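Residue numbers for the sequence shown follow my numbering, beginning at 1002 and rising by one. Every residue gets a Cβ at the ideal spot worked out from N, C-alpha and C, and that includes glycine. Owing to the predicted nature of the structure, the values given are computational and were not obtained by experimental measurement. Following: one structure in structure tokens, then a few remarks.
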Amino acid sequence: MLASEIMTREVKTIGPEATIDEAIAMLLSTRVSGMPVVDAGGRLVGVVSEGDFLHRAEIGAARRKPRWIEFLLGPGDIAESYVLSHGRKVCEVMTRDVATVEESAPLTEIVEIMEKRRVKRLPVVSGEHLVGIITRADLLRALSAAFAAKPAPTPAECTDKAILDRLMAELKAQGFASPRTLDVAVDHGVVTLKGEIFDERQRQALVVAAENIGGVTKVVDQLVWIEPFSGMTIGKIE
């Protein structure tokens, strides 16, 4: 899945010369937490968000570092903080170092950037021009569509043998549990998991793997956890 397939194309934007109160009014009226800043030519120049207004002087939240730290950092850092807390225009408080993606970016790249940069939205650009935006809500809509598009299993896929074969193939491919320590049985769509695990987290992963096989109606967990250091046998932890 690519950025062009999930992005929102009609993007609410604001100009860099807009005032702070205009930006706040737009964020409140559109019920978004941030928006791209574009110039008159449609070029992306920054992003302004709720976080840019947390430390404003008007509400007594301007941030100052201890004097000795300001002395070490120099006047530039003090000046920068002053602009963020007292600036009157969007261009004075917006984030300029904006992470972006092209329309051809795959979903894996989009999620990776969002996690790495800790951002809730990614502008989509063509060259320097904004063409869309991807938010976490867009990712949720893509996930919902993927669930809805998942085809129902065929009768041949619902046989006990087919279910068992697909489950064992999945376990082999993922590698979080060795099939040699497991005893998996399928009876009329009911999967019974028996055997030994050496990390309690394996239990949930095995159950999830079984639940995701088409044709499975129920998963019975009879796995036994063996604590690897002491060799103590422990049943399911509720």
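Q: Tell me whether residue 1061 is buried or exposed, calling it buried when 16 or more other Cβ atoms sit within 10 Å of its Cβ.
A: exposed
Q) Less than 8 Å separating the beta-carbons of residue 1104 and residue 1127? A) yes
**Q.** Spatial neighbours of residue 1099 in its chain, beta-carbon cut-off 7 Å, leaving aside the 5 residues before and after
**A.** 1045, 1047, 1048 and 1124
Q. Going by the beta-carbon positions, is the gap between residue 1194 and residue 1225 smaller than 8 Å?
A. no
Q. Taking residue 1010 as the reference, which of 1131, 1113 and 1039 has the closest Cα?
A. 1131
Q | residue 1122 burial status per 10 Å Cβ neighbour count (16 or more: buried) | A | buried
Q: Take every Cβ of the region 1110–1118, pair it with every Cβ of the region 1027–1043, and state whether three or more of those distances are shorter than 8 Å.
A: no
Q. Taking the alpha helix (DSSP H) that residue 1173 falls in, what are its first and last residues?
A. 1161–1175
Q: Could you tell me the distance, in whole angstroms, from the CA atom of residue 1147 to the CA atom of residue 1172?
A: 22 Å
Q: Determine the direct distance from the alpha carbon of residue 1161 to that of residue 1183, and round the result to whole angstroms.
A: 17 Å
(Q) For residue 1154, tell me which candidate among 1028, 1033 and 1216 has the shortest Cα-Cα distance. (A) 1216
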